[in-house]
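Okay, so here's the structure we're looking at.
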Amino acid sequence: MARGSGNNNGGRGGQGEVVSTDNSSSPFFLNNGDHPGLNLVSHPLTENNYHTWHRSMIMALTAKNKIGFVDGTISKPTPNDLLFSIWCQCNSMVSSWIINAVSRDIAYSFLYIDSTFEVWRDLHDRFNQGNEPRVFYIKKQLSSLTQGSLDINAYFT
């Protein structure tokens, strides 16, 4: 157990609040099956599958009660806070899960970023591209479709 010193940890260890790492509902709880080599998703992130990968990771991290480390609701405590070492341990675990869930080339690009929140934001900024160019291309193709010289009855028969 640890006693927080008042940092904003998403309601998870505020001023004088006791946080137990033995309580499975605590975001600082690590199950015996949680280890750095754990694969949370079946398909690693590549340049083409960010949206489905992101959704799968959100579901997995929510199920593990670690979503606060990537969305920023569990902020990094100060080094003199009793939660600091527990936060570092959990942050490192979630970072290793993310590294295992992306392609090797992508993993190398953020290997030295300390905060899981920063890694998550970096991946979002790099891969969460809108579909506007694709939508424009498809609309352009649709507008140029013709049935040739056939009338409508001949075209569909």
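For the sequence shown, the numbering used here assigns the number 7 to the initial residue and increments by one for each residue that follows. Think of the CB as a built atom: it goes at the ideal place given N, C-alpha and C, for glycine as much as any other residue.
Pairing ASP111 with ILE73, the inter-Cα distance amounts to about 24 Å. Residue pairing from DSSP leaves VAL125 without any beta-bridge partner. Here DSSP, grouped into helix, strand and coil, assigns VAL108 to strand.
About 18 Å separates the beta carbons of LYS70 and SER121, which is beyond the 8 Å limit, so they are not a contact pair. Note on geometry: alpha-carbon atoms of SER62 and GLY39 lie some 19 Å from one another.
Between TRP103 and LEU51, the CB-CB gap reaches or exceeds 9 Å. Between the beta-carbon of LEU44 and that of ASN106 there is about 7 Å, and that keeps the pair under the 8 Å contact cut.
With a 10 Å radius around the Cβ and a threshold of 16 neighbouring Cβ atoms, MET65 comes out exposed. Boundaries cannot be given for THR84, as no alpha helix (DSSP H) includes it and DSSP labels it neither H nor E. The three-state reading of DSSP puts LEU148 in helix, counting H, G and I together. By the Cβ neighbour-count rule, SER101 is buried, with 16 or more other Cβ atoms within 10 Å of its own.
For ILE158, the uninterrupted alpha helix (DSSP H) run begins and ends at 158-161, by DSSP.
DSSP places VAL47 in no alpha helix (DSSP H); its state is neither H nor E. Per the C-alpha coordinates, the member of THR58, VAL47 and ASN86 positioned closest to ASN134 is THR58. Of the candidates ALA113, PHE75 and GLY154, ALA113 places its Cα closest to the Cα of GLU53.
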